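Asker:
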Amino acid sequence: MLDIRLIRRDPEGVAAALSRRGPQAARTVEAVVELDARWREVTAALEQLRAEQNAANRALRGAPDDAQRAALAELAARGRTLSDEEASLRAQRDAAMASLPNLPIPEAPNADEVLREVGERLPAGRDHLELAGSRIDMERGARLSGSRFAYLRGDLVMLEIALLRYAMDKLAAEGFEPVIPPVLVREPALYGTGFLPDTEQQIYTLPDDDLYLTGTSEVALASLHRDEIVPVDALPRRYAGFSSCFRREAGAAGKDTRGIFRVHQFDKIEMFCFVAPELAADEHLRLLAIEESIMADLRIPYRVVAIGVDDLGASAAMKYDVEAWLPGQRRYRELTSCSNTTDYQARRLDVRYRPAEGRPAHLATLNGTAVAIGRTIIALLENGQQPDGSVTLPPALHGLGAPDRLAPSDGR
RNA sequence: GGAGGGGUGGCAGAGUGGUCGAAUGCACCGGUCUUGAAAACCGGAGUCCGGCGACCCCGGACCGCGGGUUCGAAUCCCGCCCCCUCCGCCA
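Numbering of the first sequence is given in the working numbering, commencing with residue 413 and proceeding in unit increments.
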């Protein structure tokens with residue numbers, strides 16, 4: 413949600429910033445301005461009438477006589493009309509506002525920009541399914557649940573647990589509180605994070621219970637302080653959420669159909685931060701630095717991409733992707749990303765803090781992937797592969813429950 | 001799944017149709033007093049919207065949320081959400 417005051421003050425500026433994301437948003441800004449002006453007009457009239465009613469009732473101090481009652485009833489009837497009109501205009505304005513995406517920050521590029529490439533690449537190699545064998549069981553997964561579902565088995569389960577332990581230790585040292593959130597949420601949580609209205613085709617719904625399965629723990633973590641005024645000395649708040657994530661992948665037909673690169677269910681450790689607005693840009697770089705540090709720890713070659721504004725989700729003002737080199741695909745693929753959502757989500761969720769000066773203000777929120785476990789396993793397998801088909805795992809994972817070296821595939 | 005009780009300011013807790021944004025206590029902030037502190041006393045303090053992007057001021061709204069009845073709703077009615085107790089079931 414954008415700040416209505418900002419739209420009133422500088423509608424052209426807002427429209428110009430939004431037009432970088434496409435032509436629709438600018439038109440919506442116009443509609444918002446128009447609806448808001450009418451809303452304010454009606455509101456002024458309604459409030460004046462309420463003031464009259466209040467004054468009359470205060471003067472009465474008891475039951476009115478018939479003449480007074482008739483006069484007051486007339487006021488009340490006018491009040492109902494105005495009040496209906498006010499509610500309707502407000503609903504229209506708010507719906508239009510809710511459909512507006514966040515303002516990209518000026519630093520966000522128009523098109524994807526590769527900022528740097530780090531690490532030594534294995535030019536080509538076996539892909540993760542060849543290396544994993546039956547430890548990634550696609551066929552039985554499909555028999556159970558359909559395409560894009562898999563059983564993870566054996567060593568790879570221990571590898572997942574090691575990755576989880578590694579990530580939580582690392583993030584705890586960075587000041588993040590570990591959280592395991594619910595993955596079933598009500599609609600306001602998705603609205604508040606900007607996934608609704610925007611990406612409904614990606615979301616699993618449970619209509620019998622009015623619940624949604626979340627595609628990322630970002631949704632639950634963002635709602636952790638919903639409707640709260642967070643004490644200023646408790647800032648910044650940093651959370652490391654671990655949860656399964658569920659995505660319908662509608663519209664991805666035919667894309668990434670091999671293996672577990674794109675599946676309907678995967679586990680992920682997610683970083684989520686609440687910070688004062690002026691610190692959001694620094695925090696964004698901090699998240700990116702953590703993501704790069706994880707890549708380095710895991711010995712995964714990668715590149716950093718500043719995402720173009722036309723690829724930003726509704727809530728993001730700026731986003732970086734960290735793309736891992738996958739020898740099996742001979743190209744870079746997205747492994748993690750981090751977004752600065754400024755005050756867009758905080759405004760929708762009403763998460764505020766009390767600045768040293770002035771009234772409560774909305775916080776900024778940021779999110780970033782620490783470890784997307786499925787894709788990280790792919791990257792570890794493909795980049796750690798040896799000529800004999802075994803896989804060497806990086807020292808950062810040693811002693812956390814997984815073998816230091818994964819045996820070659822059993823060929824099944 | 002069944003039965004019952006309850007949601008009022010930071011907290012506790014009054015208020016069951018009329019001057020109630022709401023008694024009282026605690027906590028908090030300022031002041032008087034004091035060498036200093038405590039106590040006592042005096043005063044202040046919430047959030048949101050609009051007027052007017054700031055202060056003051058004015059008006060409006062907010063007693064879980066949303067509707068309704070009424071000249072008038074914290075109070076009556078309807079729906080929803082949440083919490084608690086008991087029974088059943090369950091990991």
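Ideal Cβ placement from N, Cα and C applies to all residues, glycine included. Because the structure is a prediction, the values reported are computed rather than measured.
For Ile785, does the count of other Cβ atoms within 10 angstroms reach 16, so buried, or fall short, so exposed?
Answerer: Here residue 785 is taken as the residue at index 373 of the first sequence, counted from 1. With 16 or more other Cβ atoms within 10 Å, it is buried.
Asker: Tell me which same chain residues have a C-beta within less than 6 angstroms of the C-beta of Ala601, skipping the five on either side of it?
Answerer: Taking the first sequence and counting its residues from 1, the one referred to as residue 601 is at position 189. Within the same chain, Ala601 has close Cβ partners Val631 and Ser635.
Asker: For Gln677, which three-state DSSP category applies?
Answerer: If you number the first sequence from 1, residue 677 lands on position 265. Strand at Gln677.
Asker: With DSSP collapsed to three states, give me the class of Ser431.
Answerer: Taking the first sequence and counting its residues from 1, the one referred to as residue 431 is at position 19. Here Ser431 sits in helix by DSSP.
Asker: Count the C-beta pairs between the segment 780-797 and the segment 748-765 that are closer than 8 angstroms, then say yes if the count reaches three, no if not.
Answerer: Yes, the segment 780-797 touches the segment 748-765.
Asker: By Cβ distance, which residues of its chain are closer than 7 angstroms to Gly537, with the 5 residues on each side in sequence left out?
Answerer: Here the question's residue 537 lines up with position 125 in the first sequence. The answer, listed in chain order, is Pro739, Gly740, Glu794 and Gln797.
Asker: Tell me which residue opens and which closes the beta strand (DSSP E) that Ser559 is part of.
Answerer: Here residue 559 is taken as the residue at index 147 of the first sequence, counted from 1. Unbroken run through Ser559: none, as it is neither H nor E.
Asker: Grouping DSSP H, G and I as helix and E and B as strand, with all else coil, what is Pro394?
Answerer: Residue numbering for the chain in the displayed model covers 413 to 824; residue 394 lies beyond these limits and cannot be assessed.
Asker: In the DSSP assignment, find the unbroken beta strand (DSSP E) run with Lys582 in it and report its ends.
Answerer: The residue labelled residue 582 in the question sits at position 170 within the first sequence. Here Lys582 belongs to no beta strand (DSSP E); instead the alpha helix (DSSP H) covers Asp567 to Ala585.
Asker: Here's the rule: buried if 16 or more other CB atoms are within 10 angstroms of the residue's CB, otherwise exposed. What is Asp496?
Answerer: Within the first sequence, the letter at position 84 stands for residue 496. By the 10 Å Cβ count, Asp496 comes out exposed.
Asker: What's the call for Ser727, buried or exposed, on a 16-neighbour Cβ count within 10 Å?
Answerer: The count along the first sequence starts at 1 and reaches residue 727 at position 315. The residue is buried, with at least 16 neighbouring Cβ atoms inside 10 Å.
Asker: Anyone know if the C-beta pair for Glu498 and Leu458 falls short of 8 angstroms?
Answerer: Walking along the first sequence from the start, residue 498 turns up at place 86. Walking along the first sequence from the start, residue 458 turns up at place 46. Taking 8 angstroms as the Cβ cut-off, Glu498 and Leu458 qualify as a contacting pair.
Asker: On the DSSP letters alone, give me the boundaries of the alpha helix (DSSP H) that Asn795 sits inside.
Answerer: Counting from 1 along the first sequence, the entry for residue 795 is found at position 383. Ile785 to Gly796 is the span of the alpha helix (DSSP H), which, as asked, contains Asn795.
Asker: Of the residues Val444, Arg766 and Gln613, which one's Cα is nearest the Cα of Glu661?
Answerer: Locating residue 661 in the first sequence gives position 249, where the first residue counts as 1. Glu661 has its Cα closest to that of Gln613, out of Val444, Arg766 and Gln613.
Asker: Residues in the same chain with beta-carbon distance under 8 angstroms from Leu571, minus the five sequence neighbours each way, listed in chain order, please.
Answerer: Residue mapping note: residue 571 aligns to position 159 of the first sequence, counting from 1. If we look at Leu571 and ignore the five residues flanking it on each side, its Cβ neighbours are Ile789, Leu792, Leu805, Leu809, Ala814 and Leu818.
Asker: Taking 8 angstroms as the cut-off, does the segment 433-450 touch the segment 502-519 (at least 3 CB pairs, one atom from each stretch)?
Answerer: The segment 502-519 vs the segment 433-450: in contact.
Asker: Return the CA-CA distance between Leu527 and Val717, expressed in angstroms with no decimal places.
Answerer: Within the first sequence, the letter at position 115 stands for residue 527. Within the first sequence, the letter at position 305 stands for residue 717. Rounded to the nearest angstrom, the two C-alpha atoms are 6 angstroms apart.
Asker: According to DSSP, is Arg771 part of a helix, a strand, or is it coil?
Answerer: To locate residue 771, count along the first sequence from 1; it is residue 359. Coil.
Asker: Considering only the alpha carbon of each residue, which of Gly720, Asp755 and Glu769 lies closest to Asp524?
Answerer: In the first sequence, counting from the first residue as 1, residue 524 sits at position 112. Residue Gly720 is the option with its Cα nearest to Asp524.
Asker: Between Val595 and Thr626, how many whole angstroms is the CB-CB distance? I'm expecting something under 8 angstroms.
Answerer: Numbered from 1 along the first sequence, position 183 holds the residue referred to as residue 595. Numbered from 1 along the first sequence, position 214 holds the residue referred to as residue 626. So it is a contact: roughly 5 angstroms between Cβ atoms.
Asker: Cα separation between Ala488 and Gln465?
Answerer: Here residue 488 refers to the residue found at position 76 of the first sequence. Here residue 465 refers to the residue found at position 53 of the first sequence. Each residue's alpha carbon lies about 8 angstroms from the other.
Asker: What residue range does the beta strand (DSSP E) around Ala652 cover?
Answerer: Here residue 652 refers to the residue found at position 240 of the first sequence. Its beta strand (DSSP E) spans residues Arg649 to Phe658.
Asker: For Gly434, tell me which candidate among Arg565, Pro476, Ala758 and Gly725 has the shortest Cα-Cα distance.
Answerer: By 1-based counting over the first sequence, the position of residue 434 is 22. The residue with the shortest Cα to Cα distance from Gly434 is Gly725.
Asker: Are there 16 or more other CB atoms within 10 angstroms of the CB of Ile592, so buried, or fewer, so exposed?
Answerer: Here residue 592 is taken as the residue at index 180 of the first sequence, counted from 1. Exposed: under 16 other Cβ atoms inside 10 Å.
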